[in-house]
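This report concerns only the one structure given below.
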Amino acid sequence: MKQLITIFIFITTTILTAQSTYLHCGKIIDTKSGTILKEKTIVVSENRIIAVEDGYTEPNSDSDTIVDLKSKTVMPGLIDMHVHIENETNSKKYLEAYTLNEADVAFNSVKYANITLLNGFTTVRDLGGSGVNVSLRNAINAGKIDGPRIFTAEKSLATTGGHADPTNGAKKILMGNPGPKEGVVNGVDEAKKAVRQRYKNGADLIKITATGGVLSVAKSGQNPQFTIEEIKAICETAKDYGFHVAAHAHGDEGMQRAILGGVKTIEHGTLMSAETMELMKKHDVYLVPTISAGKFVSEKAKISNYYPDVIVPKALNIGPKIQNTFGKAYKAGVGIAFGTDAAVFYHGDNGKEFGYMVEAGMPPIEAIQSATLTNAMILKMENDLGQIKEGFLADIIAVESDPTKDISTMENVTFVMKDGIIYKN
Ligand SMILES: [Zn+2]
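With the first letter of the sequence shown counted as 1, position 73 gets the number 83 in the numbering used here; the numbers rise by one all the way through.
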């Protein structure tokens, strides 16, 4: 009884003393209805939204604070479904495997995480790195580092010589024989082991490279690289651990195998046929467009020696096609999950993707819904993220003007709150 009373006193004093933040919002994007609400107050306590009230309401305690966002458009924190938070493009990137220690990668990743958060992306899905991404996620969750909430694949899975084989392009003595532990699988048993290893290493989801890719030191940017049996084994094993599976894919055949094998998202989708678009819809698989990455690589490939020679023709061929395919897939009714492939271009520029999506025919409000509602649902966070609603996590951002009239404002996020903490104002 005495214990119960103590707990009761503790709870009541916590409620009474908890500071609240009152955000006076000129406009709020209601992602659920796709409409803009005017003159509202969001009340935040600890890390949650506790109320959304009409008009500009005043706090009832001196310890509460007011934030004036009356001239801005407010929306839920953005979610990017495709980043690589550990690294970033540069002309010497292909040497980094031989020059950077894990600690170097870790320090770099802190910088990239920070800049991502300050540009309004309060949640990201990291689709493959060295494993530093798991430690980074943990450090951010523990409040030791400022960065977005991370859902990470840890290390991408590939087949021997495939897009995410970490020893591609090395001389033979350095290639060694990477296996499931390093994310390289051949056959059903190794596929299962690689998924279980990711669980052991602390991943939140699985990423596979279903086809060749642009930036790997290998000839094909689009050939299928897994058998359907291997993909099925990965997806079925992933399910045992509550993981969903994301599949990098440029070529159509590899994409079809991935969809039929049970993946949740197709990354890039460059050479997707009309038939595959129907398959995507039938199996409830989402396209993560990464138009920004396509545009960046096709530009940089024109600069001599920015990429190794083997990459240049792939970048020039595949890069420019991504936006067009996205437009067709959107019109065909394929579900779109906002994602950029930040690291292939500079971290922090993620917001440019909105403009590219709109340019290809998607209405601004739907582009914003894809980066909030849709992505929250894929991450199974639909009751916590993606909406400004009572009970949801206080991930809230603001831009200077109304993005439904000027989508480029998404590149200029001027207020960022994550988990109830203000990082930029
Ligand atoms: Zn990627």
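For glycine and all other residues, C-beta sits at the position ideal for the given N, C-alpha and C.
What residue from N422, A107 and K203 has the CA that sits closest to E410's CA?
Measuring from the Cα of E410, the nearest candidate turns out to be N422.
What is the DSSP secondary structure of F161, counted as helix, strand or coil?
Assignment of F161 by DSSP, reduced to helix, strand and coil, places it in the strand class.
Please list, in chain order, all residues of the same chain as H293 whose beta carbon is under 7 Å from its beta carbon, the five residues on each side excluded.
Setting aside the 5 residues that flank it on each side, H293 is surrounded in the same chain by I269, each with a C-beta closer than 7 Å to its C-beta; the list follows chain order.
How would you write the range of the alpha helix (DSSP H) that L167 sits in, first residue to last?
Where L167 is concerned, there is no enclosing alpha helix (DSSP H), given that its DSSP letter is neither H nor E.
Please confirm whether A353 and G329 have their CB atoms less than 8 Å apart.
No, these two residues do not count as a Cβ contact at 8 Å.
Using a 10 Å radius around the Cβ and a threshold of 16 neighbouring Cβ atoms, would you call T23 buried or exposed?
Bear in mind that a pLDDT of 44 at T23, under 50, signals an unreliable position, so the number given afterwards is only what the model happens to contain. T23 comes out exposed.
Please state whether DSSP places V227 in a helix, a strand or coil.
It is coil, neither helix nor strand.
Backbone secondary structure at M290 - three-state DSSP
Look at M290 here: in three-state DSSP terms it is helix.
Exposed or buried, what is G153 when buried is set at 16 or more other beta-carbons lying within 10 Å of its beta-carbon?
A residue is called buried when at least 16 other Cβ atoms come within 10 angstroms of its Cβ; G153 does not meet this threshold and is exposed.
State yes or no: is the C-beta of D351 nearer than 7 Å to some heavy atom of ligand 1?
The answer is yes for D351.
Are the C-beta of I432 and some C-beta of chain D separated by less than 8 Å?
Looking at the structure shown, chain D is missing, and only one protein chain is on hand.
For K217 and A163, which I take to be in contact (beta-carbon distance under 8 Å), what is that distance rounded to the nearest angstrom?
Yes, they are in contact, since the Cβ atoms of K217 and A163 sit about 4 Å apart, within 8 Å.
Hey, would you say the C-beta of H293 is under 7 Å away from at least one heavy atom of ligand 1?
Not so, every heavy atom of ligand 1 lies at least 7 Å from the Cβ.
What do you reckon, is the C-beta of H94 under 7 Å from a heavy atom of ligand 1?
Taking 7 Å as the cut-off, the C-beta of H94 counts as close to a heavy atom of ligand 1.
4-residue-minimum alpha helix (DSSP H) runs that sit fully inside the segment 173 to 232, ordered along the chain:
Runs of alpha helix (DSSP H) with 4 or more residues, each lying fully within the segment 173 to 232, are found at 182 to 185 and 198 to 211, listed in chain order.
How long is the line joining the alpha carbons of V426 and E263, rounded to whole angstroms?
When rounded, the separation of the alpha-carbon atoms in V426 and E263 is 41 Å.
Could you tell me the distance, in whole angstroms, from the CA atom of N334 to the CA atom of D199?
Approximately 38 Å between the Cα atoms of the pair.
Looking at L137 and ligand 1, is the gap between the Cβ and the nearest heavy atom below 7 Å?
Yes; taking the cut-off as 7 Å, the Cβ of L137 has a heavy atom of ligand 1 nearer than that.
Could you give the C-beta distance for G222 and N211, rounded to a whole number, given that I count them as a contact under 8 Å?
In this structure, G222 and N211 do not form a Cβ contact; the two beta carbons are roughly 25 Å apart against a cut-off of 8 Å.
H258 Cβ short of 7 Å to ligand 1 heavy atom set
At a threshold of 7 Å, H258 counts as near ligand 1, since its beta carbon sits closer than that to one of the ligand's heavy atoms.
Under three-state DSSP, which class holds I269?
Correct three-state label for I269: helix.
Here's a check: name, in chain order, each residue in its chain whose Cβ is nearer than 6 Å to the Cβ of P299, leaving out the five neighbours to either side.
Cβ within range, chain order: F336.
Could you pull the start and end residues of the alpha helix (DSSP H) that T247 belongs to?
Here the alpha helix (DSSP H) through T247 covers I238 to D250.
If we ignore side chains and look at the alpha-carbon of each, how far apart do K203 and E63 end up?
Cα to Cα, K203 sits roughly 51 Å from E63.
E96 (DSSP reduced to helix, strand or coil):
In the three-state reduction of the DSSP assignment, E96 falls in the coil class.
Compute the Euclidean distance between the alpha carbons of A228 and I432, then round it to the nearest angstrom.
Note on geometry: alpha-carbon atoms of A228 and I432 lie some 44 Å from one another.
Could you check where the beta strand (DSSP E) with K82 kicks off and where it finishes?
From DSSP, the beta strand (DSSP E) with K82 extends over T75 to P86.
Just the C-alpha distance for G141 and T169, rounded to the nearest angstrom, thanks.
Looking at the two C-alpha atoms, the distance is approximately 18 Å.
In DSSP terms, what S71 is bridged to:
Checking the DSSP bridge columns, you'll see S71 has no partner listed.
In the structure shown, what three-state DSSP assignment does K338 receive?
Correct three-state label for K338: helix.
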